[in-house]
Each structure stands twice: as C-alpha cells, then as structure tokens.
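What follows is a set of notes on a single structure, which appears directly below.
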Amino acid sequence: MNPQWIEVCAADEIDLEDVVRFDHGEKTFAVYRTDKDEFYTTDGFCTHAQVHLADGLVMGEIIECPKHNGRFNCASGQAIRKPAIVPLKTYPTKIENGNVYIEIEL
Ligand code: FES
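Residue numbering for the sequence shown follows the numbering used here, beginning at 18 and increasing consecutively.
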C-alpha cells in the first residue's frame, strides 16, 4: 500500500455547500466543498446502506444521506444522526493550483 495524491477536478467545479462523486479504481468517494470553502473527502457510500452520498444534501460540514436522512460530519466522518451509526472513512484533501487532490492508498 502506497499513499498517493490523486487529482479529482478543478476546485471551482464543486459549488459551495455541495458534493461530487469521484470514482478511482474499485473505489468511490464523495468530495465536499463547505459553505466556508473547505474541502473534505469521505467514502462515497453511506455506511447504513449502499447509497451514494454525492446525491445527498450538504449543510455546512454536514452531509445528509438521500435515503434515510442519516447525517455525518464530512470533516471527521462521524455519524451524527440515526439511522447512520458507523462513521465514514475520511481522506486527506488539498487544493493545489486550483485543483482538488485526495490522498488514497493505491
Ligand atoms: S442509507 Fe444512508 S441513512 Fe440509510
């Protein structure tokens, strides 16, 4: 396993307080931009069921799952409203030259 920074997209392709799906290899991620212009990344699928969080609603640092309205903190991955209980895995995220990068194990 070798952690590497992978380019996701241009930072301005993600609206403020929004989320996009990013697929790489076998994995899928949700990449968030908060209302404070901070970027975070978590696993793409909700830990409650196989629903992609990129279809959910971002409110500040909160992502609300589109299926049963469970909530997570997208910065820490912590589950903060049932039925979501298991935290999301998070990934280091940075902006460089106007692009979003995430660090993942390859
Ligand atoms: S699938 Fe996300 S809360 Fe149920």
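Glycine residues also receive a C-beta, built at the ideal position from the N, C-alpha and C atoms.
Which one or two residues does DSSP pair with residue i in a beta bridge?
| i | result |
| --- | --- |
| D124 | Past the boundaries of the shown model lies residue 124; the chain is included only from 18 to 123, so the question cannot be answered. |
| Y76 | It should be noted that the sequence gives Met, not Tyr, for residue 76. For M76, which the question treats as bridged, DSSP gives the partners I79. |
| E113 | N116 |
| P20 | E122 |
| N90 | I79 |
Enumerate in chain order the residues of its own chain whose CB-to-CB distance from residue i is below 6 Å, with the five nearest sequence positions on each side excluded.
| i | result |
| --- | --- |
| G73 | I80, E81, C82 and P83 |
| F199 | The structure shown does not extend to residue 199, since the chain is modelled only from 18 through 123, so no value can be given for it. |
| I31 | V37 and R50 |
| W22 | Y118 and E120 |
Between the alpha carbons of residue i and residue j, how many angstroms are there, rounded?
| i | j | result |
| --- | --- | --- |
| L70 | T51 | 14 Å |
| E24 | V68 | 24 Å |
| V117 | E55 | 11 Å |
| N114 | F62 | 28 Å |
| R98 | F89 | 7 Å |
| E120 | G42 | 14 Å |
Please return the same chain residues whose Cβ sits closer than 7 Å to the Cβ of residue i, not counting the five positions on each side in sequence.
| i | result |
| --- | --- |
| K111 | Y118 |
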